[in-house]
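Protein sequences, first through last, are from chains E and S. Read left to right, the first sequence gives residues 1 to 361 (the working numbering). Read left to right, the second sequence gives residues 362 to 722 (the working numbering). Just so you know, even glycine gets a beta-carbon here, dropped at the ideal spot from N, CA and C. This report refers to the structure that appears directly beneath it.
2 protein chains.
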Amino acid sequence: MSGKAPTIIDVAREAGVSIKTVSRVMNQEPGVNSETRGQVLSVITRLNYRPQQSARSLAGARSFLIGLLYYDPSADYIAGVQQGATLRCREAGYHLVVESLDDDAPDIGHQVDRVVSALRPDGMILTPPLSDNAQVLAALRAARTPCVLVSPAQETEGVASVRMDDQRAAQEITGLLLALGHRRIGFVKGAADQAASKLRYQGYLRALKAAQVPLDKDLIVPGDFKFDSGVAAATQLLARKARPTAIFASNDDMALGVLTTAQRMGIAVPAELSIAGFDDSPAAVLVWPRLTTVHQPKALMARTAVELLVAASRGDDPGQLHRVLPHQVVVRESTGAAPVARESTGAAPGSALPAKPGPGR
Amino acid sequence: MSGKAPTIIDVAREAGVSIKTVSRVMNQEPGVNSETRGQVLSVITRLNYRPQQSARSLAGARSFLIGLLYYDPSADYIAGVQQGATLRCREAGYHLVVESLDDDAPDIGHQVDRVVSALRPDGMILTPPLSDNAQVLAALRAARTPCVLVSPAQETEGVASVRMDDQRAAQEITGLLLALGHRRIGFVKGAADQAASKLRYQGYLRALKAAQVPLDKDLIVPGDFKFDSGVAAATQLLARKARPTAIFASNDDMALGVLTTAQRMGIAVPAELSIAGFDDSPAAVLVWPRLTTVHQPKALMARTAVELLVAASRGDDPGQLHRVLPHQVVVRESTGAAPVARESTGAAPGSALPAKPGPGR
DNA sequence: CTGAAAGCGCTTACAG
DNA sequence: CTGAAAGCGCTTACAG
Chain E
1 MSGKAPTIID VAREAGVSIK TVSRVMNQEP GVNSETRGQV LSVITRLNYR
51 PQQSARSLAG ARSFLIGLLY YDPSADYIAG VQQGATLRCR EAGYHLVVES
101 LDDDAPDIGH QVDRVVSALR PDGMILTPPL SDNAQVLAAL RAARTPCVLV
151 SPAQETEGVA SVRMDDQRAA QEITGLLLAL GHRRIGFVKG AADQAASKLR
201 YQGYLRALKA AQVPLDKDLI VPGDFKFDSG VAAATQLLAR KARPTAIFAS
251 NDDMALGVLT TAQRMGIAVP AELSIAGFDD SPAAVLVWPR LTTVHQPKAL
301 MARTAVELLV AASRGDDPGQ LHRVLPHQVV VRESTGAAPV ARESTGAAPG
351 SALPAKPGPG R
Chain S
362 MSGKAPTIID VAREAGVSIK TVSRVMNQEP GVNSETRGQV LSVITRLNYR
412 PQQSARSLAG ARSFLIGLLY YDPSADYIAG VQQGATLRCR EAGYHLVVES
462 LDDDAPDIGH QVDRVVSALR PDGMILTPPL SDNAQVLAAL RAARTPCVLV
512 SPAQETEGVA SVRMDDQRAA QEITGLLLAL GHRRIGFVKG AADQAASKLR
562 YQGYLRALKA AQVPLDKDLI VPGDFKFDSG VAAATQLLAR KARPTAIFAS
612 NDDMALGVLT TAQRMGIAVP AELSIAGFDD SPAAVLVWPR LTTVHQPKAL
662 MARTAVELLV AASRGDDPGQ LHRVLPHQVV VRESTGAAPV ARESTGAAPG
712 SALPAKPGPG R
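Quick look at the structure:
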C-alpha cells in the first residue's frame, strides 16, 4: 500500500531474477524453469503486480485492447453483444473499447483510422451495418488491424466472421406454425436493405415448400423492422376475407405491432391468431401473451469474436474463420393450435382476452 | 501511405522544430508562436499524424481512457449512457473502456483494481448499483482514480455525481394525473433496495399532498421493478370495489404489467384506467396505448460525467460537482381524463379497446 | 534456461 | 518562445 504501484523491476529484484524473466512469466512464454516461475509468480501475487498496458503496448506488438464498433444498434443488441465481449475480454486479460460511428458519414474511414492509430487495438469487432461498410473495412485493412464481422451480409475470404443461421431459424419457426396446423401464415418482411430480411423470408418460403403448402403472395407484406410497419401489415392482413390464422413477423418490434392490432380488432391471440417474431427482445416478455420468437446468440457471437481476435494476436491458429452459432426458438404463449377448420368469414367474434388466461408469470 | 505510421519525430523534422514543440501544439499548451503552431499543425494534417495513446500514457500523467463500470443494467439503460459517453469522449479525444462487474462478488475491489492498474484510466464512471458500492469506491480512491457516480443513493462530499430529480419527476407525473381529474391513483412501488424507489414514492406522496388529496394506503402496493410484479399489483388494485382510475407504476416494465392486466380484465385504457410509468423504455412505444412516462436524461448524464472527468484530468476547474440534469415527462396515449364521477361498482363492462382508437403511429 | 542492452513514442522537468 | 536530455515500464532481438 505504498504510494507507487510496483513495476517489473520491483518484482525482478524481489524474486532475484532479471526483468526479462519476469516478462517471460507474465507472458506465459515457455522455457522458464518451473521453480523460477513459481518464485516469480509468488512475488507477483505478494506485490499485487500488474503489468501496465501502455508500456506493454509501446514496447511490444500487442495493446491488449479490443475495439467494438457500432452504429445505431438497438439497445438490446448492443447490450447483448457487449456482455459477451466484456466477459471474454476479462478472462483473456484484454479490455474492450467501444466506439459509436456514423454509418452515413463520408469520413467514416477517418473515424476508424483515428481510433486505430491512437489505440492500436489488437482487433476490432464490427456489428451490422458496419460489418458491411466498405470504407470501414478498407481503413482497417490499411492499418493491418484484424477484425471480426458480426452477421455480415456475406462472408469475405480471409476476414473472420460470426453469425447465426437466420434462414434456418425462420424456417424452424415457420415449421412450428405449420406443425400447429396453420396453413394461411402471413409474413411481414424486414427492411429491404438488410441482409437478414432476405434470409428470414427465404426461411419462410422454404418451410412452406417443405410442407407442400402453396404460396399465397397476398399473405406476404412489406415491413421495415419497426413497430408501425407491423401495425400496417396486420391491418392489411387481417382485413382479408380469408384472413391468416398465423402471422410471422421478421422481428419482434413488428410482431408487437401485429399483436396490438389484433387485440384492438378484438381478435384473440393465440386462439384466433398465432403470432411469431424474431430477436427475443426485452419487450417480447413485457406483453401478454408473451411472444414466441427466435433468440439470437448475441453474447456467444461476441465471445467468439473476441476469441478469434485474441488467438490471432497471440499468433495461435484461430481455426475456422467463419463461425455459425446456434440460435434458439423460444416458444411462448403467442402461438397455439390453428383454429378448427372453418373458413374465417371476416369479422370474428370474441374479445381480446385469450381463451384461457395463462399463469401470471 | 508508407508502411510505418508517422511519429512525433517525423513531424518535428518536417516542420523544422523540436519534438517538444510538436508536443506543445498537440496538447494545446500556451506559449507557442502562432506561426510556428500553424506550421506544425499543417504538417500534422499532411502526414495524418496521430499521437499514440500508449506512449502518451506511459510518459505522462494521462491515458486518454475513461472507464465505464456497470453491473447487470437494463439494455436500454446501458445503451443510453454509452451513447452519450462515447460521443463526448470522441469530441474530447478520449476513448471509452467498458467493464461489466459483479456487484455481489466478494473480490469486486480487486476487479476494479485490475482494470485501474492495467489501464490507468483518467477517470471512471459508475452506474447504479455500483455507484453505491463501498468496495468499488474504496478501490478507486486507493488508486487515486477520479470517478463520477451516476444516480447514487446519496451524494458524497468531494465525489462528483450526476443524476436526475426522481422525486420531482414522480411528483410531476402524479400531478399530471391529478390535473386530469384522477383522485384514486394507485401506486406501484419499486424494489425496496433501490434509492430511486423511495424518491419516486415520495414524489407521489408530495403531489397528493399538494393537491390536498387524502392518502389511501390501500392504493399503494409493493413491486420490484419487474413486469410480473406489475401484473400482481394491478390484479390486486383492480379487484377493489372502489378501484383506482389511474395507476402510476415506478417503472415502465411494471406499468406494462398493469396495462396487460387491465386489458385482460376488459378494462379500457385510458377510458376507464389511466396508466403511467417511469423510464421511457423502448417497450413503452411498442404497445397500444403507448405509455405516458418519464424520460431519464441518460445520455446527458453520461456526457456530463465525461466532461467532469476530462476537466479534472486537464486540471481545469470542473465547477459544480453534483449535477442534477433535466428530465422530461412524456405524455402519450395511456393517460386520459378520469372517468366521469360515478363510483366504480367493481367489474366494469366494455372491451379492452380504447374508446377511440388513436392514430396508428 | 537466463540476462544485459537497446528502444518503443511520447512527456516531464530543466535550461536558455 | 523553444529545445536537449532523461525517463516512463515494458518487449524485442541478441548473447551466452
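Cβ-Cβ distance between residue i and residue j below 8 Å
i: Val523/S; j: Leu686/S; result: yes
i: Leu180/E; j: Ser274/E; result: yes
i: Ala530/S; j: Ile78/E; result: no
i: Ala416/S; j: Leu58/E; result: yes
i: Thr447/S; j: Glu35/E; result: no
i: Leu576/S; j: Leu566/S; result: yes
i: Met525/S; j: Gln657/S; result: yes
i: Leu176/E; j: Val329/E; result: yes
i: Val574/S; j: Arg601/S; result: no
i: Leu617/S; j: Val648/S; result: yes
Per-residue contacts from residue i into chain E (C-beta, under 8 Å)
i: His456/S; result: Val97, Glu99, Val115, Ala118 and Leu119
i: Ser424/S; result: Ser54
i: Leu491/S; result: What Leu491/S touches in chain E: nothing, since even the nearest Cβ is about 14 Å away.
i: Leu598/S; result: Going along chain E, no residue has its Cβ under 8 Å from Leu598/S, so there is no contact; the nearest lies around 14 Å.
i: Leu686/S; result: Ordered by position in chain E, no residue passes the 8 Å Cβ test against Leu686/S, which lies about 20 Å from the chain.
Residues that residue i contacts on chain S, provided the C-beta gap is smaller than 8 Å
i: Val285/E; result: Phe588
i: Thr86/E; result: Val459, Glu460 and Ser461
i: Thr335/E; result: Going along chain S, no residue has its Cβ under 8 Å from Thr335/E, so there is no contact; the nearest lies around 17 Å.
i: Leu58/E; result: Gln413, Ser415, Ala416 and Leu419
i: Leu177/E; result: Those do not exist, as Leu177/E stays about 22 Å from chain S at its closest Cβ, beyond 8 Å.
Contacts of residue i in chain E (Cβ-Cβ under 7 Å)
i: Ile439/S; result: Ala79
i: Asp614/S; result: Leu286
i: Thr621/S; result: Val287 and Trp288
i: Ala366/S; result: Ser117
i: Gln443/S; result: Val98
Reduced DSSP secondary structure (H/G/I, E/B, other) of residue i
i: Glu460/S; result: strand
i: Ala607/S; result: strand
i: Phe639/S; result: coil
i: Ser197/E; result: helix
i: Ile8/E; result: helix
i: Val520/S; result: coil
i: Leu180/E; result: coil
i: Gln328/E; result: strand
i: Met525/S; result: strand
i: Arg675/S; result: helix
i: Thr145/E; result: coil
i: Val221/E; result: strand
i: Pro650/S; result: coil
i: Ile628/S; result: coil
i: Ile536/S; result: Note that residue 536/S corresponds to Gly in the displayed sequence, not to Ile. Residue state, collapsed to three classes: helix.
i: Val619/S; result: helix
i: Arg323/E; result: strand
i: Met362/S; result: Note that Met362/S has pLDDT 43, beneath the 50 cutoff, so the model's placement of it is unreliable and the number below is only indicative. Residue state, collapsed to three classes: coil.
i: Val213/E; result: coil
Outcome for residue i when other beta-carbon atoms lying within 10 angstroms are tallied against a minimum of 16
i: Val340/E; result: exposed
i: Ile370/S; result: exposed
i: His456/S; result: buried
i: Lys217/E; result: exposed
i: Gln298/E; result: The displayed chain sequence assigns Lys, not Gln, to residue 298/E. When all chains shown are included, Lys298/E counts as buried.
i: Gly123/E; result: buried
i: Leu580/S; result: buried
i: Arg332/E; result: buried
i: Pro434/S; result: buried
i: Ser403/S; result: exposed
i: Glu633/S; result: buried
i: Lys189/E; result: buried
Partner residues on chain E for residue i, Cβ-Cβ distance less than 9 Å
i: Pro643/S; result: Ser74, Ala75, Asp76, Asp253, Ser281, Pro282 and Ala283
i: Leu408/S; result: Those within 9 Å of Leu408/S in chain E number zero; the least Cβ separation is about 11 Å.
Chain S contact residues for residue i, given Cβ-Cβ distances below 7 Å
i: Leu273/E; result: Per Cβ cutoff of 7 Å: no residues; Leu273/E is ~15 Å from chain S at best.
Amino acids of chain S, ordered along the chain, whose beta-carbon sits closer than 9 Å to that of residue i
i: Leu208/E; result: Chain S residues near Leu208/E: none, gap ~28 Å exceeds 9 Å.
i: Leu41/E; result: Here the premise fails: no neighbours, minimum Cβ distance about 16 Å.
ask   = Taking the runs of the beta strand (DSSP E) that are 3 residues or longer, which of them lie wholly in the segment 387-449 of chain S?
value = The segment 387-449 of chain S contains these whole beta strand (DSSP E) runs: 426-431.
task = Ignoring anything shorter than 4 residues or poking outside the segment 462-490 of chain S, list the alpha helix (DSSP H) runs there in chain order.
result = Note on the segment 462-490 of chain S: whole alpha helix (DSSP H) runs with a minimum of 4 residues are 469-480, in chain order.
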